[in-house]
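S.K.: First, the structure itself, so that you have it in front of you.
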Amino acid sequence: MKNMAINGSLILAEGIGEGDIILENVTVTGDTYVRGSENNSIHFRNSTLATIIVNKNDGQVRIVAEGDTKVIEVQLETPAILQIPEGARIETLVLNAAANILGNGAINTARVHIGGTGSNLSIRPQNIVLDSGVSIWINGEIISENMPEETTTSIKNVKNLTPTSVDIEFNEFIEGLSINDFVITATLNGEAIELQNLSYDEVSQTLSFSSVVGASSSGKKFKITVSPREGSTKLKGEGKTSNEITLESTGISGRIIDDVSHLGASGVTIKFRSGVNNKDGEVVAETVTDENGYYSVSLPAGQYIGELSGEGYVTGYLYAVVPTDSILTDKNEIIIRAVSLEQIKIVLTWNDKVISDLDSYLVAPSLDGTSKFSISLANRKYEYNGIKYAELEQNGRAYNRYGIETTTIYRPIDGEYYFYAHEFASTTPLGNSAAKVQIFKGNSTVADNSFNVPEGSSDGTDWIVFKLTVSNQGQNVNVTEIGKVAKIRYTTDGSKTNLNSTLYTGPITVDKENFKLTAMAAKYDAIICQYSNVNITTQSIEEFTKSRVPEILNRISEDNTSIDITEENQIVTITKENDDAIGYIWENIDMPIHYELKSVTLADGFTLKNQNVIEWMNKKIDRKIMVYSGMIDCYFNSNFDTLKSQVSELVVSINGVDYTVKFAN
1 MKNMAINGSL
11 ILAEGIGEGD
21 IILENVTVTG
31 DTYVRGSENN
41 SIHFRNSTLA
51 TIIVNKNDGQ
61 VRIVAEGDTK
71 VIEVQLETPA
81 ILQIPEGARI
91 ETLVLNAAAN
101 ILGNGAINTA
111 RVHIGGTGSN
121 LSIRPQNIVL
131 DSGVSIWING
141 EIISENMPEE
151 TTTSIKNVKN
161 LTPTSVDIEF
171 NEFIEGLSIN
181 DFVITATLNG
191 EAIELQNLSY
201 DEVSQTLSFS
211 SVVGASSSGK
221 KFKITVSPRE
231 GSTKLKGEGK
241 TSNEITLEST
251 GISGRIIDDV
261 SHLGASGVTI
271 KFRSGVNNKD
281 GEVVAETVTD
291 ENGYYSVSLP
301 AGQYIGELSG
311 EGYVTGYLYA
321 VVPTDSILTD
331 KNEIIIRAVS
341 LEQIKIVLTW
351 NDKVISDLDS
361 YLVAPSLDGT
371 SKFSISLANR
381 KYEYNGIKYA
391 ELEQNGRAYN
401 RYGIETTTIY
411 RPIDGEYYFY
421 AHEFASTTPL
431 GNSAAKVQIF
441 KGNSTVADNS
451 FNVPEGSSDG
461 TDWIVFKLTV
471 SNQGQNVNVT
481 EIGKVAKIRY
491 TTDGSKTNLN
501 STLYTGPITV
511 DKENFKLTAM
521 AAKYDAIICQ
531 YSNVNITTQS
541 IEEFTKSRVP
551 EILNRISEDN
561 TSIDITEENQ
571 IVTITKENDD
581 AIGYIWENID
591 MPIHYELKSV
601 TLADGFTLKN
611 QNVIEWMNKK
621 IDRKIMVYSG
631 MIDCYFNSNF
641 DTLKSQVSEL
651 VVSINGVDYT
661 VKFAN
């Protein structure tokens with residue numbers, strides 16, 4: 001594209017194939033979305049762009065700003081390589097994913113959110129704004145604190161006014177602004193009012209206050225003026241006044257969250273209809289989310305369904321009951337990002353008021369064609385040689401009345417995939433959960449397949465949903481519903497479990513002298529192995545000895561006399577049948593497990609900044625410590641890549657015995 005002015009948005013879509021993309025002397029006044037270009041570069045030469053948003057689901061994209069290209073804002077929602085040669089300039093760089101920033105150009109302000117941790121920059125921005133706990137590399141130096149160039153700033157704009165908040169835009173970024181630096185005045189129909197419970201969030205630059213909606217304010221015009229407080233050492237200049245809005249006495253406000261980035265989804269249209277199940281009737285109100293995903297709409301009291309839609313998103317819905325005398329606030333919802341043509345997205349939803357925790361598991365073929373990998377909360381991503389093949393992206397964040405988990409197959413591998421859901425609490429029948437699984441193939445915004453949990457599944461905790469068969473190098477995808485709810489069978493004497501073993505219905509009494517538990521999830525005459533790194537099999541019981549049966553997370557009661565094999569935080573013993581059988585073994589270890597971190601050996605080049613690192617790491621050790629085949633698995637509630645790069649080994653004492661822990665992939 002050459003010598004063009006686009007008064008609106010430019011979308012570089014998923015369908016772009018091989019070859020570099022070049023935009024020369026192009027001006028774009030709206031947003032430029034980058035979603036395509038396979039293993040190639042996108043060049044902006046001597047161009048002027050308002051905002052570039054990189055959101056490519058399957059691997060990195062390389063962006064090159066050449067000549068005197070000027071960009072007001074670049075948002076990296078997915079990993080990318082951004083090259084900024086000398087002469088090119090970016091005013092604001094927003095990192096929501098790890099990125100490599102190369103070149104000798106200029107960046108005014110870099111804002112790095114949690115997903116951008118570990119990014120590598122060869123250009124030092126004038127201002128650096130980091131979320132709590134975030135660190136990045138700049139020219140080989142690790143940066144973990146904000147670095148503002150300026151010490152004072154002025155207000156540029158006051159915008160996005162709602163009945164509960166307003167955004168403030170500054171001419172320069174500085175650190176340490178607080179509510180005490182502002183004077184805030186507000187009016188209703190020109191008459192001054194006092195805002196209550198004022199607070200300021202420095203990261204989002206949002207001023208919040210108690211809702212001004214009420215019977216006395218209905219129909220009145222509301223606006224806010226924000227000015228520097230006299231004596232402030234950080235804020236100078238003149239005040240600015242927001243846009244004016246007309247208040248209604250009732251309505252809805254909240255935020256729409258992207259399921260992949262976990263940040264606000266901008267530009268999402270919400271169409272409201274009266275009633276609970278009215279998805280096709282008359283639209284009574286419509287609104288669009290702002291740049292941070294927030295929305296607000298006036299509606300009379302009653303029940304509503306809101307249809308969510310946006311470029312690159314799956315159509316979704318939110319449900320709301322508007323009260324008779326106020327705004328319904330914090331009505332948040334997740335919107336599902338559509339995938340590209342060759343990808344597959346799986347969405348699990350359930351009624352979280354009935355079942356609090358329903359977890360998804362995808363068991364899939366590995367690249368070697370013989371083994372399996374699994375995607376679950378314990379193993380959220382499968383990568384090989386830096387290429388991502390599958391990932392659990394949204395983990396059970398529940399808004400409104402539904403919980404949700406989303407899993408994406410980025411590069412389908414020929415073979416059989418199995419997907420199932422497991423209920424940890426085991427206190428409510430799965431059939432009452434309203435659980436639903438949807439499959440979206442390619443960039444479809446409506447489900448290609450949809451499955452509801454079978455009715456009458458009263459005694460099962462595992463719902464084996466479907467088998468997905470991929471062939472012809474990922475070109476052919478066939479889905480077969482299984483739809484059966486597995487039942488847990490067990491023995492306590494170490495003998496082999498079969499379909500005639502005891503059906504689990506509640507906590508088991510423990511004989512500590514002779515107790516060896518084996519357990520399985522079974523349906524009819526076939527066995528479904530549970531949890532991470534397993535083969536789902538339909539082999540007969542006699543062939544089952546060579547299958548791997550991973551842990552069932554559970555909990556032992558305080559007196560250690562009973563065990564609930566479906567609750568969290570406890571490991572089930574799987575006894576070793578023979579040399580070929582692989583299982584999680586818990587032998588010669590008293591219950592419960594006691595652990596203590598004894599020492600930390602740092603990798604070359606790292607120093608011990610925190611002298612209390614041992615105490616700190618002790619708090620990070622998860623209670624799930626597994627002993628199997630003579631090895632120890634320790635799980636840490638910490639960023640694994642950071643931990644592995646800085647620590648070469650640990651010594652952990654488990655029940656008085658010291659173990660050396662080395663990090664593996």
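Just so you know, the UniProt record's numbering puts 380 at position 380 of the sequence shown, and the rest follows in order with no gaps. Quick reminder that beta carbons are idealized off the backbone N, C-alpha and C, glycines included. If you're wondering where the values come from, they're calculated on a predicted model, not measured in any experiment.
For the beta strand (DSSP E) containing Glu91, list its first residue and its last residue.
M.R.: That run of the beta strand (DSSP E) goes Arg89 to Leu95.
S.K.: Excluding the five sequence neighbours on either side, which residues of its own chain have a C-beta within less than 6 Å of the C-beta of Val112, listed in chain order?
M.R.: Once the five neighbours on either side are set aside, the close Cβ partners of Val112 are Leu95, Leu130, Val134 and Ile136.
S.K.: Distance check for Ile84 and Ser41, CA to CA, integer angstroms please.
M.R.: Looking at the two C-alpha atoms, the distance is approximately 13 Å.
S.K.: Pick out whichever of Gly176, Thr153, Arg62 and Asp181 has its Cα sitting closest to the Cα of Phe170.
M.R.: If we check each option's Cα against that of Phe170, Thr153 comes out closest.
S.K.: Rounded to the nearest angstrom, what separates Ser199 and Phe182 at their Cα positions?
M.R.: Looking at the two C-alpha atoms, the distance is approximately 10 Å.
S.K.: Identify every residue that forms a DSSP beta bridge with Val470.
M.R.: DSSP, once it has assigned bridges, lists Gly415 and Val477 as partnering Val470.
S.K.: What's the call for Leu362, buried or exposed, on a 16-neighbour Cβ count within 10 Å?
M.R.: Buried is the call here.
S.K.: Could you tell me the distance, in whole angstroms, from the CA atom of Gly281 to the CA atom of Glu248?
M.R.: Straight-line Cα distance between these residues: approximately 23 Å.
S.K.: Taking C-alpha atoms, which residue in Ser132, Leu430 and Lys159 lies nearest to Val226?
M.R.: Looking at the Cα atoms, Lys159 is the closest of the given residues.
S.K.: Does the stretch 267-278 come into contact with the stretch 341-355, if we say contact requires no fewer than three beta-carbon pairs (one atom in each stretch) closer than 8 Å?
M.R.: No: the two stretches stay apart, fewer than three of their Cβ pairs being nearer than 8 Å.
S.K.: Which value, in whole angstroms, describes the spacing of the CA atoms of Thr407 and Ile375?
M.R.: For Thr407 and Ile375, the distance between alpha carbons rounds to 8 Å.
S.K.: Within a Cβ cutoff of 7 Å, which residues of the same chain sit near Ala320, ignoring the five residues on either side of it in sequence?
M.R.: The answer, listed in chain order, is Ile252, Tyr304, Gly306, Leu328 and Lys331.
S.K.: Measure the alpha-carbon distance for Thr51 versus Thr109 and round it to whole angstroms.
M.R.: Computed Cα separation, rounded: 14 Å.
S.K.: Glu291 to Ile256, Cα distance in whole Å?
M.R.: The straight-line gap from Cα to Cα measures roughly 11 Å.
S.K.: Return the chain-ordered ranges of every beta strand (DSSP E) run that is complete within the stretch 209-251 and spans a minimum of 3 residues.
M.R.: Runs found: 221-228.
S.K.: Comparing C-alpha positions only, which one of Ile224, Leu82, Ile101 and Asp167 sits nearest to Val203?
M.R.: It is Asp167.
S.K.: Quick check on DSSP: helix, strand or coil for Ile179?
M.R.: Looking at Ile179 - three-state DSSP - the assignment turns out to be helix.
S.K.: Met147 bridges to which residues according to DSSP?
M.R.: Answer is Ile128.
S.K.: Nearest CA to the CA of Gly105: which residue from Glu24, Ile90, Gly115 and Ala99?
M.R.: For Gly105, the nearest C-alpha among the options comes from Ile90.
S.K.: Which two residues bound the contiguous beta strand (DSSP E) that contains Lys56?
M.R.: Careful: Lys56 lies outside any beta strand (DSSP E) and carries neither H nor E.
S.K.: At which residues does the beta strand (DSSP E) containing Gln83 begin and terminate?
M.R.: Here the beta strand (DSSP E) through Gln83 covers Ala80 to Gln83.
S.K.: Evaluate Lys70 with the Cβ neighbour count: other Cβ atoms within 10 Å of its Cβ, from every protein chain shown; 16 or more gives buried, anything less gives exposed.
M.R.: When all chains shown are included, Lys70 counts as buried.
S.K.: Would you call the CB atoms of Pro125 and Ile107 closer than 8 Å?
M.R.: Closer than 8 Å, so yes.
S.K.: Three-state secondary structure (DSSP) at Ile114?
M.R.: Helix, per DSSP.
S.K.: So Leu348 packs on Glu333, CB below 8 Å; how close in whole Å?
M.R.: No, Leu348 and Glu333 are not in contact; Cβ-Cβ is about 16 Å, not under 8 Å.
S.K.: For Ala390, count the other beta carbons within 10 Å of its own beta carbon; 16 or more makes it buried, fewer makes it exposed. Which is it?
M.R.: Counting Cβ neighbours within 10 Å, Ala390 comes out buried, since at least 16 surround it.
S.K.: So, at 8 Å on beta carbons, what are the nonlocal neighbours of Pro300 in its own chain, with the 5 sequence-adjacent residues on each side left out?
M.R.: Taken in chain order, the residues that qualify are Thr250 and Val322.
S.K.: With a 10 Å radius around its C-beta and 16 neighbouring C-beta atoms as the bar for buried, classify Gly176 as buried or exposed.
M.R.: By the 10 Å Cβ count, Gly176 comes out exposed.
S.K.: Between the Cα of residue 667 and those of Gly474, Lys221 and Leu468, spot the shortest distance and give me the residue it belongs to.
M.R.: For the chain, the structure presents residues 1 to 665; residue 667 sits outside this window and is missing.
S.K.: Indicate whether Phe44 and Leu76 have their beta-carbon atoms separated by less than 8 Å.
M.R.: In this structure, Leu76 does not lie closer than 8 Å to Phe44 by Cβ.
S.K.: When burial is assigned at 16 or more other CB atoms within 10 Å of the CB, is Ile224 buried or exposed?
M.R.: Buried.
S.K.: Whole angstroms are fine: how far does the CA of Lys441 sit from the CA of Ile6?
M.R.: Their backbone Cα atoms lie some 32 Å apart in a straight line.
S.K.: Less than 8 Å between the beta carbons of Phe451 and Lys436, yes or no?
M.R.: Going by C-beta atoms, Phe451 is nearer than 8 Å to Lys436.
S.K.: For the beta strand (DSSP E) that Asn189 lies in, which residues bound it at each end?
M.R.: Run containing Asn189: none; DSSP gives neither H nor E here.
S.K.: Residues in the same chain with beta-carbon distance under 6 Å from Asn476, minus the five sequence neighbours each way, listed in chain order, please.
M.R.: Counting only Cβ-Cβ distances below 6 Å, and skipping sequence neighbours, we find nothing.
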